[in-house]
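Single-structure report; data block below.
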Amino acid sequence: MFRSLVLPALLTLLLAGCQAPSTKMHKIPPNTAPVAVCGSGDVMMQTTLWFGMNKPKGGIVSSSEWQQFVDNDVTPRFKDGLSVYDAKGQWLGENGKLARENSKALMLIHTPDVASSDSINKLRDVYKQRFEQESVMRVDSLVCVAF
């Protein structure tokens, strides 16, 4: 009887401290940052950004609008190169409704530094403001790159 009461109470106390962080992490502390071990090449950061192409008030981001964004906003910040892929996106909007739309995936390979990260966040902000988007998803991974 004692064990049947104590064990659930103990587990509840232990799990009470488990929760998702309430604030966004801006920096990973140096002693916990992921480390890539490369058999060849250099450690770089791969960032993929996911841009929705539907405009909330109707219409889509046109091919020419997208290309202007790439030419005028992305390329000056990442002159070494980039890749763009057509994609089909699906996500849950702030309004609770499922949204499906054509998307663009922009992949950047860059040095893992604050300046590059700030440039990427600026791109996200520009796109969200210009095309009235709720978000632009960002995915970062350490990778090994050789040319």
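Taking mature numbering (1 follows the signal peptide of the UniProt record, and there is no 0), I'd label the letters of the sequence shown as residues -20 to -1, 1 to 127. Glycine included, each C-beta is placed from N, C-alpha and C at the ideal position.
In three-state DSSP terms, what is P1?
The predicted position of P1 is uncertain, since its pLDDT is 47 and thus under 50; a value taken from the coordinates is nonetheless stated next. P1: coil per DSSP, three-state reduction.
To the nearest angstrom, report how far apart P92 and A79 are at their CA atoms.
32 Å
Alpha carbon to alpha carbon, what distance is there between S115 and E45?
18 Å
Is the beta carbon of R110 less than 8 Å from the beta carbon of L29?
no
Report yes or no: do the region 20 to 27 and the region 60 to 78 share at least 3 C-beta pairs separated by less than 8 Å?
no
Sequence-distant residues of the same chain with beta carbon closer than 7 Å to V106, five excluded per side:
D53
Taking Cβ to Cβ, would you say V64 is nearer than 8 Å to K35?
no
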